[in-house]
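**Q**
Number of protein chains: 2
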Amino acid sequence: MYAHEDIWNAIDRLADTFGYSPSGLAKKAGLDPTSFNKSKRISADGKPRWPSTESIAKILAVTGMTMSEFFSMADGGKGKTLPLIEIAKAGQPGILDEKGMPAGKGWKKAELEGFGGSGPDCFALEIHGGDYAPVYRDSDIIVLSPSATLRRGDRIVCAMRSGKAFTAELVRQSGGQTTLRPITGNGSETTLNDNEISWIGRIIWASQ
Amino acid sequence: MYAHEDIWNAIDRLADTFGYSPSGLAKKAGLDPTSFNKSKRISADGKPRWPSTESIAKILAVTGMTMSEFFSMADGGKGKTLPLIEIAKAGQPGILDEKGMPAGKGWKKAELEGFGGSGPDCFALEIHGGDYAPVYRDSDIIVLSPSATLRRGDRIVCAMRSGKAFTAELVRQSGGQTTLRPITGNGSETTLNDNEISWIGRIIWASQ
DNA sequence: AGGAAAATAGGATTTTTTTCTTATTTACCA
DNA sequence: TGGTAAATAAGAAAAAAATCCTATTTTCCT
Chain A
1 MYAHEDIWNA IDRLADTFGY SPSGLAKKAG LDPTSFNKSK RISADGKPRW
51 PSTESIAKIL AVTGMTMSEF FSMADGGKGK TLPLIEIAKA GQPGILDEKG
101 MPAGKGWKKA ELEGFGGSGP DCFALEIHGG DYAPVYRDSD IIVLSPSATL
151 RRGDRIVCAM RSGKAFTAEL VRQSGGQTTL RPITGNGSET TLNDNEISWI
201 GRIIWASQ
Chain B
209 MYAHEDIWNA IDRLADTFGY SPSGLAKKAG LDPTSFNKSK RISADGKPRW
259 PSTESIAKIL AVTGMTMSEF FSMADGGKGK TLPLIEIAKA GQPGILDEKG
309 MPAGKGWKKA ELEGFGGSGP DCFALEIHGG DYAPVYRDSD IIVLSPSATL
359 RRGDRIVCAM RSGKAFTAEL VRQSGGQTTL RPITGNGSET TLNDNEISWI
409 GRIIWASQ
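Protein chains in written order, with this note's numbering: chain A, 1 to 208; chain B, 209 to 416.
1. What number of angstroms, rounded off, separates the C-alpha of B:ILE303 from the C-alpha of B:SER251?
2. Between B:ILE364, B:ALA356, B:GLU404, B:ILE335, which has its C-alpha nearest B:ARG389's C-alpha?
3. In terms of residue numbering, what span does the beta strand (DSSP E) encompassing B:THR386 cover?
4. Taking just the CA atoms, how far does A:LEU170 sit from B:ARG359?
5. What is the DSSP secondary structure of A:LYS28, reduced to helix, strand or coil?
6. For B:ARG257 and B:MET368, I'd like the C-alpha separation in whole angstroms.
7. To which residues of the same chain is A:LYS40 closer than 8 Å at the C-beta, ignoring the five residues directly before and after it?
8. Kindly indicate which residue of A:TYR136, A:THR66, A:LYS38, A:SER147 has the alpha-carbon position closest to the one of A:ALA8.
9. Tell me, please, whether the CB atom of B:VAL343 is closer than 8 Å to any CB atom in chain A?
10. Using a Cβ cut-off of 7 Å, pull out every chain B residue sitting near A:MET101, in sequence order please.
11. Is there contact between the stretch 56 to 66 of chain A and the stretch 265 to 277 of chain B, where contact requires at least three CB pairs shorter than 8 Å?
12. Between B:ALA318, B:ASP329, B:ILE295, B:LEU292, which has its C-alpha nearest B:TYR306's C-alpha?
13. Under 8 Å, do B:TYR340 and B:THR386 count as touching if we go by C-beta distance?
14. Which residues of chain B have a Cβ atom closer than 7 Å to the Cβ of A:MET67, listed in chain order?
15. Going along chain A, which residues have a C-beta under 9 Å from B:ILE411?
16. So who's on the other strand from A:ARG202, going by DSSP bridges?
17. Is B:VAL343 helix, strand or coil by DSSP?
18. Is A:TRP8 close to chain B, meaning its C-beta is less than 8 Å from at least one C-beta of that chain?
19. My output table needs one value for B:LEU230: the three-state DSSP class, helix, strand or coil.
20. So B:LEU290 and B:LEU320 are in contact, right, with Cβ under 8 Å, and what is the actual spacing, rounded?
21. Does DSSP put B:ILE335 in a helix, a strand or coil?
22. Which chain A residues are close to B:SER396, counting only those with a beta carbon under 9 Å from its beta carbon?
23. Under 7 Å, CB to CB, which of the residues in the stretch 251 to 273 of chain B have a partner in chain A?
24. Return the first residue and the last residue of the alpha helix (DSSP H) that A:THR53 is part of.
25. Assign A:SER174 to one of two classes, buried (16 or more other C-beta atoms within 10 Å of its C-beta) or exposed (fewer than that).
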C-alpha cells in the first residue's frame, strides 16, 4: 500500500523547490492556506488524510511540473521498470506478442537508473560483447519503442524470422524491401526482404 | 489545469491492461464495484469528480504499478522536461551554480521524447556537428547527472575553465590530474590538471 | 435461447476532504 | 525590540468522494 506520507513529503518538497511554504503554495494555487497544514495530515482518530488529486493538480499548475514528475519525486526517484532481455535472444519466436509487446518467459523486469520513460509498449535490450562498439558497449541498455515511426537514419533493432537480431541504421524501406547499414558506419548496405523480418523496433535511448 | 479525464482514462487502461473491468478492478482492490462507473465521473451539475489518491493507491497495490508509472500513462506519455543547452556553450562561466545546477540565461526547457527520468539535478546537452560520430550524432541529446559517481570507463562531459566543453571517456582521476580519452576510441589519452577543469558530469543516457 | 453473473446507471447515505474561522506561533523588517 | 505579515494549529461547517442500495444492461456460458 502506497504511503500517503510520501505524497505529503512530496508536496512539502515541491513547495520548497519553488520557494514557497506549503501554505504559500496552496494560496498561490487558489486553495485555502491551511490546506496542507501538518496538523491536518492525520485525523483525530489516527486515520491518514490523503490529499485529493484535484488539489495536487492545482498546485502543479502553479509550478509547471507534471503529475508523473511529481509522483516520481514522491516515489523516491525510483526508476521505471521495463521488460529487459539480451539482444541475442530478441529474435526468438514468441518473444513479442501480436501487439508487439514482450511475451514469454525470457523477459526480466529491470529498473533503469535515471530513466522514467513512458510509453506502455517500450522495452529494453541489453548489449553483450563488443560488436557494436564504440556506439554501444558491453552491458549498455537500449530502449526500444515498437510504435515509434521509422525514418531514414533511425537506429533500429531488426529481428529476423531466422531468430537472429541485430542493431542497424535504417537506410530505406520500400517495395517490400528494407535497406540497412551498420550503426558504426563501417561496412556496406544490406538489403533484406520484408518477409525475412519478424519485427523492427526503433531505438530511442541508450544508457551510457 | 490537469485534465481529470486523463486520470479516468488511465484507470480504464490500467484495468484493461490487467484484464479487469473498471468495476472488477475496484472490487479486487476492496473498493465498491460502482466506484469507477462512467456515470459518476461528472456530477449532475456538470462538475468533474476527481478520483482520490487513496483509491488510486489501492488499485495500484493490486497491479504492482507505481504512482509515477500510472501518472506517466495518464500524462499521455509526455516526456520529462529538462534544462537543455548546446554542448558548445556548456563550458561558459555561470552556466552551473555552486550546486552544479543549471543557471543563467542560456538554458531552454526541453521535453525529451520517451524520457521521464528522475534526478532533480539532471540536465541535457545537445550535440551539434559530427565530431563525436558515430557515438553521438548531430542533434543527439545527452543527459548528464552531475551527482553520479565517476568510474573508469564512464562517458563524461568535461567543461574547462577556458570555456571549452567536450565529451570524453574517463581513464583515471588521481593526484590532482584527470586522464581522458576520446569516446570514439580513436586517438590517444590526454591528461589535464584538475585546476583547469570547471566541472565534470557523467553522461547517463543518450537519445538515438 | 435462456439464465446467471458481471458490469454499469443512478439515487440516498455516509465518510472524507476542503473551506471557513479563530487563535497561536514564527519569521521578517524597521 | 516591537509590530506586522505569514505560517501553522485546531474546531466547525460545507463540499466532494466513497459506499450502500436498487435497477437495468451487458456479457458469458450451457
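All residues carry an ideal CB built from backbone N, CA and C; glycine is no exception.
**A** Checking against the coordinates, here is how it stands:
1. For the purposes of this step, residue 303 of chain B is identified with residue 95 of the second sequence, where counting begins at 1. For the purposes of this step, residue 251 of chain B is identified with residue 43 of the second sequence, where counting begins at 1. C-alpha separation (whole angstroms): 50 Å.
2. Locating residue 389 of chain B in the second sequence gives position 181, where the first residue counts as 1. Among B:ILE364, B:ALA356, B:GLU404, B:ILE335, the Cα nearest to that of B:ARG389 is on B:ILE364.
3. What you label residue 386 of chain B is simply residue 178 of the second sequence in a count that begins at 1. Following the DSSP letters along the chain, one finds B:THR386 inside the beta strand (DSSP E) bounded by residues 385 to 389.
4. The sequence position of residue 359 of chain B within the second sequence is 151, counting from 1. The sequence position of residue 170 of chain A within the first sequence is 170, counting from 1. Answer to the nearest angstrom: the Cα atoms are 34 Å apart.
5. Along the first sequence, read from residue 1 onward, the residue named residue 28 of chain A stands at position 28. Helix.
6. Counted from its first residue, the second sequence places residue 257 of chain B at position 49. Counted from its first residue, the second sequence places residue 368 of chain B at position 160. When only Cα atoms are considered, B:ARG257 and B:MET368 end up about 54 Å apart.
7. Taking the first sequence and counting its residues from 1, one reaches residue 40 of chain A at position 40. Counting only Cβ-Cβ distances below 8 Å, and skipping sequence neighbours, we find THR34, ARG49.
8. Residue numbering aside, residue 8 of chain A sits at position 8 when the first sequence is read from its first letter. In the sequence under discussion, the amino acid at residue 8 of chain A is Trp, which differs from the Ala named in the question. Per the Cα distances, A:LYS38.
9. On the second sequence, residue 343 of chain B is found 135 positions in, with the first residue counted as 1. Yes, its Cβ sits closer than 8 Å to a Cβ of chain A.
10. If you number the first sequence from 1, residue 101 of chain A lands on position 101. Ordered by position in chain B, no residue passes the 7 Å Cβ test against A:MET101, which lies about 10 Å from the chain.
11. Taking 8 Å as the limit for Cβ pairs, the verdict is that the stretch 265 to 277 of chain B does not touch the stretch 56 to 66 of chain A.
12. Taking the first residue of the second sequence as position 1, residue 306 of chain B is located at position 98. As written in the sequence, residue 306 of chain B is Glu, which differs from the Tyr given in the question. Closest option to B:GLU306, Cα to Cα, is B:ASP329.
13. For the purposes of this step, residue 340 of chain B is taken as the residue at position 132 of the second sequence. For the purposes of this step, residue 386 of chain B is taken as the residue at position 178 of the second sequence. No; because the gap between Cβ atoms is not below 8 Å, this pair is not in contact.
14. Walking along the first sequence from the start, residue 67 of chain A turns up at place 67. What A:MET67 touches in chain B: TYR210, PHE279, ALA282, ASP283.
15. Within the second sequence, numbered from 1, the residue matching residue 411 of chain B stands at position 203. Contacts between B:ILE411 and chain A, judged by CB atoms closer than 9 Å, involve GLN208 in chain order.
16. Against the first sequence, residue 202 of chain A aligns to sequence position 202. Checking the DSSP bridge columns, you'll see A:ARG202 partnered with A:SER145, A:ILE156.
17. Indexing the second sequence from 1 puts residue 343 of chain B at position 135. When DSSP states are grouped into helix, strand and coil, B:VAL343 belongs to the coil group.
18. For this step, residue 8 of chain A is matched to residue 8 along the first sequence. Taking Cβ atoms only, chain B never reaches closer than 8 Å to A:TRP8, which makes this a no.
19. Reading the second sequence from its first residue, position 22 is the one you call residue 230 of chain B. The question names Leu, but residue 230 of chain B is Pro in the sequence shown. Under the three-state reduction of DSSP, B:PRO230 is assigned to helix.
20. Stepping through the second sequence from its first residue, residue 290 of chain B is reached at position 82. Stepping through the second sequence from its first residue, residue 320 of chain B is reached at position 112. At roughly 6 Å, the Cβ-Cβ gap stays under 8 Å, so B:LEU290 and B:LEU320 are in contact.
21. Position 127 of the second sequence, counted from the first residue, corresponds to residue 335 of chain B. When secondary structure is reduced to three states using DSSP, B:ILE335 falls in the coil class, being assigned neither helix nor strand.
22. Numbered from its first residue, the second sequence carries residue 396 of chain B at position 188. Here the premise fails: no neighbours, minimum Cβ distance about 15 Å.
23. Of all residues in the stretch 251 to 273 of chain B, those with a C-beta nearer than 7 Å to a C-beta of chain A are TRP258, PRO259, SER260, THR261, GLU262, ALA265, LEU268, ALA269, reading in chain order.
24. The residue you call residue 53 of chain A lines up with position 53 of the first sequence. In the DSSP assignment, A:THR53 falls within the alpha helix (DSSP H) that extends over 53 to 63.
25. Along the first sequence, read from residue 1 onward, the residue named residue 174 of chain A stands at position 174. With fewer than 16 other Cβ atoms within 10 Å, it is exposed.
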